[in-house]
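K.L.:
One line per chain: the protein sequences are A and B, in this order.
The first sequence begins at 0 in numbering that gives the first Met the number 0 and counts up by one.
The second sequence begins at 0 in numbering that gives the first Met the number 0 and counts up by one.
Quick reminder that beta carbons are idealized off the backbone N, C-alpha and C, glycines included.
Protein chains: 2
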Amino acid sequence: MEKKEKILEGAMKEFLVQGYAGTSMDRVAKAAAVSKTTVYSHFGDKEGLFVALVERLAKKKYSEVFSQGNHSLLQGEPEVVLRQFATKMVDLACEDTEDLTFIRLIVGESGRFPKLAETFVSNLVKPGIEVLSQYLASRPELEIEDREATARVILGSLVYFKIVQVMLYGEKIVPMEGDRLINSLLHLLLR
Amino acid sequence: MEKKEKILEGAMKEFLVQGYAGTSMDRVAKAAAVSKTTVYSHFGDKEGLFVALVERLAKKKYSEVFSQGNHSLLQGEPEVVLRQFATKMVDLACEDTEDLTFIRLIVGESGRFPKLAETFVSNLVKPGIEVLSQYLASRPELEIEDREATARVILGSLVYFKIVQVMLYGEKIVPMEGDRLINSLLHLLLR
DNA sequence: GTAGTAAAACTAAACTGTTTAGTTTTATTT
DNA sequence: AAATAAAACTAAACAGTTTAGTTTTACTAC
């Protein structure tokens, strides 16, 4: 394997769990099974490594979520398509998965790394809103005037649910089945 | 002013901006204009100070948002009340305000401090869901079956909007007026 | 009341031992 | 010759403690 890849994988393990300030370059080198000199020769400094990692992750997540295979899913009856889409968002990434930890990192470091937050929005949030908007536009029977705003209502409901239930450990405090949220959301959209 | 208060105020300035790992006890003491020994005599160690700060902030935010004055706002015609509620959430806390920075901190540190995330959910998220659920229940003409799930749709739409637009600097990349979101949300709820 | 006193809270600074980002040096591999 | 490794290194910052001395507070004796 290329050293650069090995370093990024080691960096991922550390940064995702410990955050930027909590991660040391020594531990990154150890996690990557690479010498510290090699890390510095490839990425210059800590910030350079962090930026490279987050940008690579954003692109990777983009291609995971917005591949052709997934695009074709957004065709067909709203009742079916929207339920499928929502179920995928609520069920997938249910454990303490990489995706949720990535969002945690971006939000947590957004104050100190605004550029990375913008990368995240450009690569993941914006395409998400656009794909959903386009689907809503292709279904005039839904009688949705403002597709983009409605797409944000849908995404917001689902993302907020995941954040509260999983990321902030809300399942014990405010328990709720994902299906209840999905049913209520679809009820609003389809009535 | 009490020393304890001064320390918490200094700690707030540092922790909210720099995060847990990024904040040093020396800088907290300096920001509070207090000696380091005093900090340690009051809060034991760094973690103790951090926990005390977050819990105090959670309680403070709670009383700000769920005071009697605000409760009474949730009475009257849905068209008016819901628009007022949504507008308040979208407009208030518009700059890089303490509230948004607090959420950033909670989300960012939720992996390393699960207890604090639970405090946040218990003190702010849960009451928010409950108050909104109760209002929806008081308005049967809205024909909402699952009030709690619908309350989450409303809160999710608004919180996600603020997170994307302000916290993650989305205003430049995916611009949108708050009114558009509110109109679409109300359109779904009232039709 | 006022002077004296003792406990408690406080300060500033030095200190310990660890960890940090980043560099350099020397040696090994390819 | 170029990339790597391992290890030693620097200078600074870190959490937390200790020290030596000051201020505040409250209580006592007169």
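Could you name each continuous beta strand (DSSP E) segment of 3 residues or more that falls completely within the stretch 116–161 of chain A, going from the start of the chain to the end?
P.N.:
If we require 3 residues or more, the stretch 116–161 of chain A turns out to have no beta strand (DSSP E) run fully inside it.
K.L.:
Can you tell me whether P113 of chain B is helix, strand or coil according to DSSP?
P.N.:
Taking the first residue of the second sequence as position 1, residue 113 of chain B is located at position 114. Correct three-state label for P113 of chain B: helix.
K.L.:
Looking only at C-alpha atoms, which of B:M11, B:K2 and B:Y19 sits nearest to T36 of chain B?
P.N.:
One-based indexing of the second sequence puts residue 36 of chain B at position 37. When each option's Cα is compared against that of T36 of chain B, the closest is B:K2.
K.L.:
Exposed or buried, what is A136 of chain B when buried is set at 16 or more other beta-carbons lying within 10 Å of its beta-carbon?
P.N.:
Taking the first residue of the second sequence as position 1, residue 136 of chain B is located at position 137. By the 10 Å Cβ count, A136 of chain B comes out exposed.
K.L.:
Apply the 10 Å Cβ neighbour rule to R190 of chain B and answer buried if 16 or more other Cβ atoms are within range, or exposed otherwise.
P.N.:
If you number the second sequence from 1, residue 190 of chain B lands on position 191. So R190 of chain B counts as exposed.
K.L.:
Quick one, which of B:L184, B:K87 and B:I6 has its alpha-carbon nearest T149 of chain A's?
P.N.:
In the first sequence, the residue the question calls residue 149 of chain A occupies position 150. Measuring from the Cα of T149 of chain A, the nearest candidate turns out to be B:L184.
K.L.:
How many Å lie between K114 of chain B and E142 of chain A at the Cα?
P.N.:
Your numbering for residue 114 of chain B matches position 115 in the second sequence. Your numbering for residue 142 of chain A matches position 143 in the first sequence. So the alpha carbons of these two residues sit roughly 44 Å apart.
K.L.:
Contact between the stretch 172–180 of chain B and the stretch 95–114 of chain B: three or more CB pairs below 8 Å?
P.N.:
Verdict: no, contact absent.
K.L.:
Could you check the C-alpha separation between L180 of chain B and L7 of chain B for me, to the nearest Å?
P.N.:
Start at 1 with the first residue of the second sequence, and residue 180 of chain B comes out as number 181. Start at 1 with the first residue of the second sequence, and residue 7 of chain B comes out as number 8. Rounded to whole angstroms, L180 of chain B to L7 of chain B spans 37 Å at the Cα level.
K.L.:
Give a yes or no on whether the C-beta atoms belonging to P139 of chain B and F65 of chain B are separated by under 8 Å.
P.N.:
Counted from its first residue, the second sequence places residue 139 of chain B at position 140. Counted from its first residue, the second sequence places residue 65 of chain B at position 66. Result no, Cβ atoms of P139 of chain B and F65 of chain B do not sit closer than 8 Å.
K.L.:
Buried or exposed: V89 of chain A, going by 16 or more other Cβ atoms within 10 Å of its Cβ?
P.N.:
Residue 89 of chain A sits at position 90 when you count from the first residue of the first sequence. So V89 of chain A ends up on the buried side.
K.L.:
Tell me whether the beta-carbon of L52 of chain B lies closer than 8 Å to the beta-carbon of A116 of chain B.
P.N.:
Taking the second sequence and counting its residues from 1, one reaches residue 52 of chain B at position 53. Taking the second sequence and counting its residues from 1, one reaches residue 116 of chain B at position 117. Contact: no.
K.L.:
Identify every run of the alpha helix (DSSP H) within the stretch 35–89 of chain A, keeping only runs that are complete inside it and at least 4 residues long; order them along the chain.
P.N.:
List check, alpha helix (DSSP H) in window: 35–42, 45–64 and 67–70.
K.L.:
In or out: N122 of chain A buried (at least 16 other Cβ within 10 Å) or exposed?
P.N.:
By one-based count along the first sequence, residue 122 of chain A stands at place 123. When all chains shown are included, N122 of chain A counts as buried.
K.L.:
Could you compute how far the alpha carbon of L56 of chain B sits from the alpha carbon of E97 of chain A?
P.N.:
Along the second sequence, one-based indexing puts residue 56 of chain B at 57. Along the first sequence, one-based indexing puts residue 97 of chain A at 98. C-alpha separation (whole angstroms): 29 Å.
K.L.:
According to DSSP, simplified to helix, strand and coil, what is I172 of chain A?
P.N.:
Taking the first residue of the first sequence as 1, we reach residue 172 of chain A at position 173. Of the three classes helix, strand and coil, the one that applies to I172 of chain A here is coil, per DSSP.
K.L.:
Quick check: the Cα distance between S62 of chain A and Q74 of chain B, rounded to an integer number of angstroms?
P.N.:
As a working note, residue 62 of chain A is residue 63 in the first sequence. As a working note, residue 74 of chain B is residue 75 in the second sequence. Rounded to the nearest angstrom, the two C-alpha atoms are 47 Å apart.
K.L.:
State the Cα-Cα distance for the pair L157 of chain A and R151 of chain A, rounded to the nearest angstrom.
P.N.:
Residue numbering aside, residue 157 of chain A sits at position 158 when the first sequence is read from its first letter. Residue numbering aside, residue 151 of chain A sits at position 152 when the first sequence is read from its first letter. Computed Cα separation, rounded: 10 Å.
K.L.:
Are the beta-carbon atoms belonging to K58 of chain A and A32 of chain A less than 8 Å from one another?
P.N.:
Taking the first residue of the first sequence as position 1, residue 58 of chain A is located at position 59. Taking the first residue of the first sequence as position 1, residue 32 of chain A is located at position 33. No; because the gap between Cβ atoms is not below 8 Å, this pair is not in contact.
K.L.:
So which residues of chain A does S156 of chain B contact, with C-beta pairs closer than 7 Å?
P.N.:
Within the second sequence, numbered from 1, the residue matching residue 156 of chain B stands at position 157. Under the 7 Å cutoff, chain A gives R151, V152, G155 and S156.
K.L.:
Since L167 of chain A meets chain B, which of its residues come closer than 9 Å, beta carbon to beta carbon?
P.N.:
Position 168 of the first sequence holds residue 167 of chain A. The answer, in chain order, is I105, V106, S109, P113, A116, E117, F119, V120 and V124.
K.L.:
Roughly how many angstroms separate the alpha carbons of E129 of chain A and S34 of chain B, rounded to a whole number?
P.N.:
Within the first sequence, numbered from 1, the residue matching residue 129 of chain A stands at position 130. Within the second sequence, numbered from 1, the residue matching residue 34 of chain B stands at position 35. Near 53 Å, if we compare the C-alpha coordinates of S34 of chain B and E129 of chain A.
K.L.:
Mapping DSSP to helix, strand and coil, what is T96 of chain B?
P.N.:
Looking up residue 96 of chain B in the second sequence gives position 97. Coil, per DSSP.
K.L.:
How would you label S132 of chain A, buried or exposed, when you count the other beta carbons within 10 angstroms and need 16 or more for buried?
P.N.:
By 1-based counting over the first sequence, the position of residue 132 of chain A is 133. S132 of chain A comes out buried.
K.L.:
Pull up the CB-CB distance for A30 of chain A and K12 of chain A, whole angstroms please, since I reckon it's below 8 Å.
P.N.:
Here residue 30 of chain A is taken as the residue at index 31 of the first sequence, counted from 1. Here residue 12 of chain A is taken as the residue at index 13 of the first sequence, counted from 1. Rounded, the Cβ-Cβ distance is 5 Å, consistent with contact.
K.L.:
Can you tell me whether K171 of chain A is buried or exposed, with buried defined as 16 or more other CB within 10 angstroms of its CB?
P.N.:
Start at 1 with the first residue of the first sequence, and residue 171 of chain A comes out as number 172. Looking at its Cβ environment, which holds fewer than 16 other Cβ atoms inside 10 Å, K171 of chain A is exposed.
K.L.:
Would you list, in chain order, the members of the stretch 169–186 of chain A that have their beta-carbon closer than 8 Å to a beta-carbon of chain B?
P.N.:
From the stretch 169–186 of chain A, only G169, K171, I172, V173, M175, R179, L180, N182, S183, L184 and H186 have a Cβ closer than 8 Å to chain B.
K.L.:
Indicate whether L99 of chain A and K60 of chain A have their beta-carbon atoms separated by less than 8 Å.
P.N.:
As a working mapping, residue 99 of chain A is identified with position 100 in the first sequence. As a working mapping, residue 60 of chain A is identified with position 61 in the first sequence. No, Cβ-Cβ distance for L99 of chain A and K60 of chain A is not below 8 Å.
K.L.:
Which residues in chain B have a C-beta closer than 9 Å to the C-beta of T100 of chain A? List them in chain order.
P.N.:
By one-based count along the first sequence, residue 100 of chain A stands at place 101. In chain order: G110.
K.L.:
Check the C-beta distance from V16 of chain B over to G110 of chain A and give it rounded, since I have them as a contact under 8 Å.
P.N.:
Locating residue 16 of chain B in the second sequence gives position 17, where the first residue counts as 1. Locating residue 110 of chain A in the first sequence gives position 111, where the first residue counts as 1. Sure, about 6 Å apart at Cβ, within 8 Å.
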